[in-house]
Amino acid sequence: VDEIIKNSFNYKFKINKIEEDKEGISNENNEFYLPYYKGGNLLTDYEIIHLWELLPIEYKIKNASIIYQATRDGYNLPNILELENKYNKNTYILFLIETTEGEKFGFVNSNILIHTDNNFQRPNSTYLFTLRPEFKIYSPNVDSDEILYVTSKDFILGNGNNGPAIQLNQDIMKGVSNEGGCFNNPCLVSNPEGHFIV
Numbered sequence: 001v002d003e004i005i006k007n008s009f010n011y012k013f014k015i016n017k018i019e020e021d022k023e024g025i026s027n028e029n030n031e032f033y034l035p036y037y038k039g040g041n042l043l044t045d046y047e048i049i050h051l052w053e054l055l056p057i058e059y060k061i062k063n064a065s066i067i068y069q070a071t072r073d074g075y076n077l078p079n080i081l082e083l084e085n086k087y088n089k090n091t092y093i094l095f096l097i098e099t100t101e102g103e104k105f106g107f108v109n110s111n112i113l114i115h116t117d118n119n120f121q122r123p124n125s126t127y128l129f130t131l132r133p134e135f136k137i138y139s140p141n142v143d144s145d146e147i148l149y150v151t152s153k154d155f156i157l158g159n160g161n162n163g164p165a166i167q168l169n170q171d172i173m174k175g176v177s178n179e180g181g182c183f184n185n186p187c188l189v190s191n192p193e194g195h196f197i198v
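Those letters in the sequence shown? Residues 1 to 198, by the working numbering.
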């Protein structure tokens, strides 16, 4: 099955490359299709397919492209907040982190990251996910409102009694992950204290 998926995925990319003047070919089946993912090297073909399998229907974007890349656009939280001036607020985003230890995790959100005015917000739709060491997706608790906190100095996703599921500092190069919280997730990194370097 993996070999069939890999060959199908490669064929899809070849078709898109040949017809690059078009928007890309998409399967009409909403349950599963091969996404056209443009740019970046953090996701392997295998990870793209399995991540798109995990995502809820509304996030199965057929033509995804990178709008921010830290190695290109800077390790800087204020720079990420400036994307609000370039894109529609309701742009669906996938925020991906890879640590120096090889863990991969992140979240998908129903709108672009904006300043939350020093308060926690509950977006219309947000999911936490892990790609490595395992593929898994976590939904927020229905009764939790402390999901997203973003300022030019702080980023917090999923606050809880033990701390945030993901917390990043201003230069988005160091962070911490805690178990529990509003996503009922485990610590996302192997470090016993939850600390990680992007």
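The C-beta atom is built at its ideal place from N, Cα and C for all residues, glycine as well.
Asked: If we count the other Cβ atoms within 10 Å of its Cβ and call it buried at 16 or more, is Y87 buried or exposed?; Found: exposed
Asked: Which ranges would you report for the beta strand (DSSP E) in the region 125 to 173 if only whole runs of at least 3 residues count?; Found: 126 to 132, 136 to 138, 148 to 150, 155 to 157 and 166 to 168
Asked: Can you tell me where the beta strand (DSSP E) holding L96 begins and where it ends?; Found: I93 to E98
Asked: Between which two residues does the beta strand (DSSP E) harbouring I197 extend?; Found: H195 to I197
Asked: Applying the criterion that 16 or more other CB atoms from any shown protein chain within 10 Å of the CB defines a buried residue, is N111 buried or exposed?; Found: buried
Asked: When DSSP labels each residue in this structure, what does N63 get in the three-state scheme?; Found: strand
Asked: Between which two residues does the beta strand (DSSP E) containing Y46 stretch?; Found: No beta strand (DSSP E) contains Y46, which is instead part of the alpha helix (DSSP H) from D45 to L54.
Asked: Quick check on the DSSP output: the beta strand (DSSP E) that includes N109 runs from which residue to which?; Found: K104 to N109
Asked: Taking DSSP as the reference, what is the three-state secondary structure of E3?; Found: helix
Asked: Does DSSP put N27 in a helix, in a strand, or in coil?; Found: Because N27 carries a pLDDT of 43, less than 50, the predicted location of this residue cannot be relied on, and no value is offered for it.
Asked: Quick one, are the C-beta atoms of L148 and P123 less than 8 Å apart?; Found: yes
Asked: Let me make sure I understand the geometry here. Which of C187, N109 and I49 has the alpha-carbon closest to that of P133?; Found: C187
Asked: Pick helix, strand or coil for G175, following the three-state DSSP scheme.; Found: strand
Asked: For the candidate residues H115, Q121, L128 and T116, whose alpha-carbon lies nearest to that of E146?; Found: Q121
Asked: Flag this pair as touching only if the region 158 to 165 and the region 174 to 187 have three or more C-beta atom pairs under 8 Å; answer yes or no.; Found: yes
Asked: G181 by DSSP, collapsed to three states: which one?; Found: helix
Asked: Could you please give the first and the last residue of the uninterrupted alpha helix (DSSP H) stretch that includes P78?; Found: L77 to L81
Asked: Within 10 angstroms of the Cβ of T100, are there 16 or more other Cβ atoms? Answer buried if so, exposed if not.; Found: exposed
Asked: For the alpha helix (DSSP H) holding R72, just list the boundary residues, first then last.; Found: A70 to D73
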